[in-house]
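Going by my numbering, the first residue of the sequence shown is number 4, and it counts up by one from there. Glycine residues also receive a C-beta, built at the ideal position from the N, C-alpha and C atoms. Inspection log for the structure reproduced underneath, given as structure tokens.
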Amino acid sequence: MQIILMHSRFTQAKSVTLSSHHLILAVLGFLLITCVCGALMAALTLRLASADVPLLRNLLPASVSLAHDPDAKERYLKENLAAMAARLGEMQAQLVRLDALGERVQGLAGVKPEEFNFKEAPGRGGPEILKSPSAELDMKELQAALDALATDIEHRSDYMNVVETKLMAFKIQSKLLPTIQPVNVAYNASGFGWRMDPFTGRSAFHEGIDFSAPTGTPIMAAAGGVVIAAEYHPQFGNMLEIDHGGELITRYAHTSKIYVKLGDIVKRGQHVADIGSTGRSTGAHLHFEVRVKDVPQNPHKFLSAGANQANLAKLDQK
């Protein structure tokens with residue numbers, strides 16, 4: 004390669020001839036200058052980082068900073084400990100909430116507090132088996148364990164909320180089932196099913212059970228619900244009907260007096276009427292029916308279930 008140089012001071016043009024050797028020397032010189040500049044920049048950066056320049060300290064890797072700054076390791080540990088302490092506080096708050104939720108679920112499930120106490124840590128133990136003779140937990144592993152524990156607590160809280168919702172639904176549903184005997188008498192005068200009609204003497208189907216008691220004896224609601232009928236019926240006399248949801252109703256007939264009206268919300272065991280002998284009746288008694296989708300059901304099934312639950316509750320209290 005030949006380079007021609009021209010200038011007003013030159014009396015004549017000059018030429019310079021470059022060979023391949025000159026190009027190789029130029030490239031090597033450029034690379035040498037680049038390496039020297041890079042080394043100088045690295046040395047300057049490390050010197051400024053050791054002089055506690057925040058911007059450069061943040062740009063450097065943690066390992067380089069820790070190696071050249073005696074106080075960097077202590078700062079690194081303090082920052083991580085502060086972050087883990089904040090995370091630990093959040094987990095403690097979640098555990099308090101989980102304990103309260105567990106106590107509510109325990110009450111809904113009918114578990115005795117002494118059988119499952121959320122405020123006491125469960126007993127644990129067993130032999131110590133390490134992964135290796137020097138199995139020490141470093142900062143990263145500790146942070147990962149805290150993250151996994153926080154996620155597990157959130158999942159368990161979600162599960163407990165679902166269980167609480169289900170138990171609450173079951174508890175409400177059980178209170179809406181007619182399992183309380185409406186009259187406090189020891190026996191019923193006539194059962195559910197086929198019988199001889201007391202007026203005609205012919206075989207007829209009896210759609211409820213009759214509780215014989217003096218006029219004025221209190222009648223209690225067998226379950227909570229809404230009054231859908233409180234009227235006089237030619238056959239049933241003063242009749243009361245309560246809707247318990249799920250197309251389930253109870254009917255109280257031949258009453259002498261009704262204390263609730265259409266649309267009232269009644270509670271389980273509430274005094275709603277008195278026994279009488281109105282309508283098609285031979286004497287003072289309560290005709291009690293349980294109907295599902297307007298199909299008569301044997302009230303004994305519901306009342307027996309309620310009696311069994313009451314007996315179990317008494318045994319648990321003992």
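Query - Length of the line joining the Cα atoms of Leu152 and Gln95 - result: 11 Å
Nearest-angstrom Cα separation, counted from Gln97 out to Lys178: 32 Å
For the beta strand (DSSP E) containing Thr258, name the first residue and the last one. 251-261
(Q) Is it buried or exposed, Phe305, if we count other Cβ atoms within 10 angstroms and call 16 or more buried? (A) That one is buried.
If you check the beta carbons only, do Ala224 and Gln273 fall under 7 Å apart? yes
**Asked** How about Ile231 and Leu243: are their beta carbons less than 7 Å apart?
**Response** Leu243 is positioned such that its CB atom lies no closer than 7 Å to that of Ile231.
Item to check | Boundaries of the beta strand (DSSP E) in which Leu243 is found, first to last residue | outcome: Segment 240-246, the beta strand (DSSP E) holding Leu243.
Problem - Counted within 10 angstroms of its Cβ, other Cβ atoms place His158 as buried (16 or more) or exposed - result: exposed
Checklist entry - How close, in whole Å, do the beta carbons of Ile183 and Arg271 come, if the pair is a contact with beta carbons under 8 Å? => result 6 Å
**Request:** If I'm right that Val269 touches Ile245 with Cβ under 8 Å, what's the distance once you round it to whole angstroms?
**Result:** 6 Å
- Query: Rounded C-beta distance between Asp277 and Thr220? I'm assuming under 8 Å.
  - Reply: 7 Å
For this session: Hey, could you find the ends of the beta strand (DSSP E) Ala232 is sitting in?
Result: Note, Ala232: beta strand (DSSP E), 228-236.
Cutoff 8 Å; reference Ser206; Cβ partners in own chain excluding five residues on either side: The answer, listed in chain order, is Trp197, Arg198, Met199, Asp200.
Requested in this report: Would you kindly report the start and end of the unbroken beta strand (DSSP E) that includes Val186?
Outcome: Taken as a continuous stretch (DSSP letters only), Val186 belongs to no beta strand (DSSP E), as it is neither H nor E.
- 6 Å Cβ shell around Ser307 - same chain, five flanking residues per side excluded: none
query: Going by other Cβ atoms of all chains shown within 10 Å of its Cβ, with 16 needed for buried, is Arg100 buried or exposed?
result: exposed
Suppose contacts are defined by Cβ-Cβ distances below 7 Å. Is Met163 in contact with Leu104 by that definition?
yes
Does the separation of the CB atoms of Val188 and Ala216 fall below 7 Å? yes
### Same chain, Cβ closer than 8 Å to Thr285, neighbours up to 5 away in sequence not counted
Pro201, Phe202
**Prompt:** Rounded to whole angstroms, how far is the Cβ of Phe214 from the Cβ of Leu289, which I believe are closer than 8 Å?
**Reply:** 4 Å
Practice item. On a CA-only basis, which of Glu234, Cys40, Asn83 is nearest Glu144? Give me that one, please. Key: Asn83
Requested in this report: Compare the Cα-Cα distances from Asp237 to each of Gly204, Gly228, Thr258, Arg78 and report the closest residue.
Outcome: The sequence given here places Pro at residue 237; Asp does not occur at that position. Answer by Cα proximity: Thr258.
Span of the beta strand (DSSP E), counted from its first residue to its last, around Gln300: Segment 298-300, the beta strand (DSSP E) holding Gln300.
So, for Ser160: in the same chain, excluding its five sequence neighbours on each side, which residues have a beta-carbon less than 8 Å away from its beta-carbon? If you ignore the 5 residues before and after Ser160, its C-beta comes within less than 8 Å of the C-beta of Gln97, Arg100, Leu101, Leu104, all in its own chain and listed in chain order.
| query | For Ile212, which residues from the same chain have a beta carbon less than 6 Å from its beta carbon, with the 5 sequence-adjacent residues on both sides left out? | reply | Asn191, Gly194, Phe195, Phe291, Pro302
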